[in-house]
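A.B. asks: All you need for the numbering used here is the position in the sequence shown, starting with 1, plus 195. Before I ask anything, here is the structure I am working with.
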Amino acid sequence: MKRLIYILSITCIACLDVSASPLFSPDERNKPGDDKKKQAKREDTTTIVVNNPDCIEETEEIPDTTLILFPSHDLYASWDTNAAHPYKFNEIFKEDSVTIELTKEGDNCFVMPYKGRLTSLFGWRKYRPHYGTDIDLETGDTIVAAFDGMVRIARYYHGYGNCVIIRHNNGLETVYAHMSKILAESGQKVSAGTVLGLGGNTGHSYGSHLHFEIRYLGQALDTQDFIDYEKGDLKCNTFVLRKTDVENKYDLRALHARHKSDLMARKYGKNRPVKGGVYRVRKGDTLGVIARRSGTSVKSLCKKNGLKPTSTLRIGQKLKI
Ligand SMILES: [Zn+2]
Numbered sequence: 196m197k198r199l200i201y202i203l204s205i206t207c208i209a210c211l212d213v214s215a216s217p218l219f220s221p222d223e224r225n226k227p228g229d230d231k232k233k234q235a236k237r238e239d240t241t242t243i244v245v246n247n248p249d250c251i252e253e254t255e256e257i258p259d260t261t262l263i264l265f266p267s268h269d270l271y272a273s274w275d276t277n278a279a280h281p282y283k284f285n286e287i288f289k290e291d292s293v294t295i296e297l298t299k300e301g302d303n304c305f306v307m308p309y310k311g312r313l314t315s316l317f318g319w320r321k322y323r324p325h326y327g328t329d330i331d332l333e334t335g336d337t338i339v340a341a342f343d344g345m346v347r348i349a350r351y352y353h354g355y356g357n358c359v360i361i362r363h364n365n366g367l368e369t370v371y372a373h374m375s376k377i378l379a380e381s382g383q384k385v386s387a388g389t390v391l392g393l394g395g396n397t398g399h400s401y402g403s404h405l406h407f408e409i410r411y412l413g414q415a416l417d418t419q420d421f422i423d424y425e426k427g428d429l430k431c432n433t434f435v436l437r438k439t440d441v442e443n444k445y446d447l448r449a450l451h452a453r454h455k456s457d458l459m460a461r462k463y464g465k466n467r468p469v470k471g472g473v474y475r476v477r478k479g480d481t482l483g484v485i486a487r488r489s490g491t492s493v494k495s496l497c498k499k500n501g502l503k504p505t506s507t508l509r510i511g512q513k514l515k516i
């Protein structure tokens, strides 16, 4: 039996309401290539299928070429203009290592985003990780793109302040934060050396500087492993990222947790408070101290041991952690 399929697309009034969201500028609304889910939501296109029994049913798959427009689409399979780092590196990165060719034939050479004195390096700060390298500058100094690519995010973004994030042809993403002014826009194709904005002191920043990050699938890497800041050039044109390097150098939160755990093991030996274990109370212990050392809460300790926050502990008393 022949059937005819008429497909009508109706754009709902709801999509006109997108401008109400503070996350989108009017220009961003119509840009192609947000990840598919977001795009579908934004366009909010309703499909109506009308069956006509006199026509033959036809189904034709139209390949989705939207993401091919964007750099490294085969690696990321998404183009998110909202979230800075929406990727789950540990779930995506299955290989033992990957070789990244930083500039391929036909690409422009690497350009230093800004040449200046380094004021803070990649690593653990007192209470939190620092995923970038800070370069001293004066407000108003010009910041440029490091490699060829396309701007994914260009807006004020939490602690980053005025920030530009670029997806590069080589698979890396770079972050340029704390700028006083953004001079690039999401979806803009850039070459190494293209002006992105002016240096500043916006967001979580004390004093004018550029916070510069290099990431691969969301995992922050130490920019000093790529760049010789003295020479203002790449150390090498290929970079090998090993899973073991991520575990031992780059995954700052996991490293910090392991470091804390090792300290506890050295301090308490077998009597170390471990979640799910039993702790024997020592001289000077309080519920607060034990909770802090064992990564739990006083409330949880009280509940597990039938205690009150004001209960007196006895030396040698066993507590479930
Ligand atoms: Zn920084």
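Glycine included, C-beta positions come from ideal geometry on N, C-alpha and C. Just so we're clear, the structure is a prediction, and the values are computed from it rather than from any experiment.
Tell me the rounded alpha-carbon separation between L392 and V293.
C.D. replies: First, the residue type needs correcting, since residue 392 is Gly and not Leu in the sequence shown. Cα to Cα, the separation comes out at about 32 Å.
A.B. asks: From what residue to what residue does the alpha helix (DSSP H) around D269 run?
C.D. replies: Taken as a continuous stretch (DSSP letters only), the alpha helix (DSSP H) holding D269 covers H268 to Y271.
A.B. asks: Just the Cα atoms here: how many angstroms apart are D417 and I409?
C.D. replies: Whole-angstrom Cα-Cα distance: 7 Å.
A.B. asks: Helix or strand or just coil, what does DSSP make of T328?
C.D. replies: Strand at T328.
A.B. asks: Here's the rule I'm using: 16 or more other beta-carbon atoms within 10 Å means buried, otherwise exposed. How should L496 be labelled?
C.D. replies: That one is buried.
A.B. asks: With a threshold of 7 Å (Cβ to nearest heavy atom), would H406 be considered close to ligand 1?
C.D. replies: Yes, since a heavy atom of ligand 1 falls inside the 7 Å radius drawn around the Cβ of H406.
A.B. asks: Does ligand 1 have a heavy atom nearer than 7 Å to the CB of S315?
C.D. replies: S315 Cβ: within cutoff of ligand 1.
A.B. asks: Suppose you measure from the CA of T439 to the CA of Q383; what does that come to, to the nearest Å?
C.D. replies: For T439 and Q383, the distance between alpha carbons rounds to 35 Å.
A.B. asks: Please report the distance separating the alpha-carbon of L502 from that of R488.
C.D. replies: Cα to Cα, the separation comes out at about 18 Å.
A.B. asks: Could you check if D329 belongs to the surroundings of ligand 1, using beta carbon to heavy atom distance under 7 Å?
C.D. replies: Yes, the beta carbon of D329 sits closer than 7 Å to at least one heavy atom of ligand 1.
A.B. asks: Can you name the start and end residues of the alpha helix (DSSP H) that E286 belongs to?
C.D. replies: F284 to I287 is the span of the alpha helix (DSSP H), which, as asked, contains E286.
A.B. asks: Please determine, among G301, A278, I330 and I287, the residue with the shortest C-alpha to C-alpha distance to I271.
C.D. replies: One detail in the question is off: residue 271 reads as Tyr in this sequence, not Ile. Ranking the options by Cα distance to Y271, first place goes to I287.
A.B. asks: Comparing C-alpha positions only, which one of G402, H268, V441 and S375 sits nearest to G335?
C.D. replies: Among G402, H268, V441 and S375, the Cα nearest to that of G335 belongs to S375.
A.B. asks: Within 7 Å: the Cβ of H353 and any heavy atom of ligand 1?
C.D. replies: No, since every heavy atom of ligand 1 falls outside the 7 Å radius drawn around the Cβ of H353.
A.B. asks: Under the three-state reduction of DSSP, which class applies to K310: helix, strand or coil?
C.D. replies: If DSSP states are grouped into helix, strand and coil, K310 belongs with coil.
A.B. asks: Using C-beta distances below 7 Å, list every residue in its chain close to G511, excluding the 5 sequence neighbours before and after it, in chain order.
C.D. replies: Within the same chain, G511 has close Cβ partners R475 and V476.
A.B. asks: Does DSSP put L406 in a helix, in a strand, or in coil?
C.D. replies: Contrary to the premise, residue 406 reads as His rather than Leu in this sequence. Three-state result, H406: strand.
A.B. asks: By DSSP, does A415 sit in helix, in strand, or in coil?
C.D. replies: Looking at A415 - three-state DSSP - the assignment turns out to be strand.
A.B. asks: Assign C358 to one of three DSSP states: helix, strand, or coil.
C.D. replies: C358 falls in the strand class under three-state DSSP.
A.B. asks: State the start and end residues of the unbroken alpha helix (DSSP H) segment that holds K498.
C.D. replies: Where K498 is concerned, the enclosing alpha helix (DSSP H) stretches over V493 to N500.
A.B. asks: Tell me whether the segment 358 to 367 and the segment 334 to 348 touch, counting them as touching only if at least three CB pairs, one residue from each stretch, are closer than 8 Å.
C.D. replies: Touching, per the Cβ criterion.
A.B. asks: Would you say H325 touches ligand 1, meaning its beta carbon is less than 7 Å from a heavy atom?
C.D. replies: Indeed, a heavy atom of ligand 1 lies less than 7 Å from the Cβ.
A.B. asks: For the alpha helix (DSSP H) that contains V394, what are its first and last residues?
C.D. replies: Note on residue identity: the sequence assigns Gly, not Val, to residue 394. Counting along the chain, G394 falls outside any alpha helix (DSSP H), and DSSP gives it neither H nor E.
A.B. asks: Should the segment 387 to 405 be called in touch with the segment 424 to 440, which here means at least 3 C-beta pairs below 8 Å?
C.D. replies: With the cut-off at 8 Å, the segment 387 to 405 and the segment 424 to 440 do not touch.
A.B. asks: Per DSSP, what kind of secondary structure is D438 in: helix, strand or coil?
C.D. replies: The sequence shown places Lys at residue 438, rather than the Asp named in the question. Residue state, collapsed to three classes: helix.
A.B. asks: Could you tell me which residues DSSP pairs with H363 in its beta bridges?
C.D. replies: Looking at the DSSP assignment, H363 forms a beta bridge with G344.
A.B. asks: Give me, in chain order, the residues of the same chain whose beta-carbon lies closer than 7 Å to that of P517; leave out the 5 immediate sequence neighbours on both sides.
C.D. replies: There is no way to answer for residue 517, as the model of the chain reaches only from 196 to 516.
A.B. asks: How about A387 and F342: do their beta carbons lie closer than 8 Å?
C.D. replies: Cβ distance < 8 Å, so A387 and F342 count as in contact.
A.B. asks: With distance defined between alpha-carbon atoms, name the residue in H373, M307 and F265 nearest to H406.
C.D. replies: Minimum Cα distance to H406 is reached at H373.
A.B. asks: Within 10 angstroms of the Cβ of T242, are there 16 or more other Cβ atoms? Answer buried if so, exposed if not.
C.D. replies: Below a pLDDT of 50, predicted positions are generally treated as unreliable, and T242, at 36, falls in that range; the measurement from the model is reported next regardless. T242 comes out exposed.
A.B. asks: Within 10 Å of its beta-carbon, does A415 have 16 or more other beta-carbons around it, so buried, or fewer, so exposed?
C.D. replies: Buried: at least 16 other Cβ atoms inside 10 Å.
A.B. asks: How far does the beta strand (DSSP E) with S292 in it extend, from its first residue to its last?
C.D. replies: From DSSP, the beta strand (DSSP E) with S292 extends over S292 to E296.
A.B. asks: State the Cα-Cα distance for the pair G354 and A279, rounded to the nearest angstrom.
C.D. replies: Each residue's alpha carbon lies about 11 Å from the other.
A.B. asks: In whole angstroms, give me the CA-to-CA distance for I330 and G479.
C.D. replies: In a straight line, the C-alpha of I330 is about 45 Å away from that of G479.
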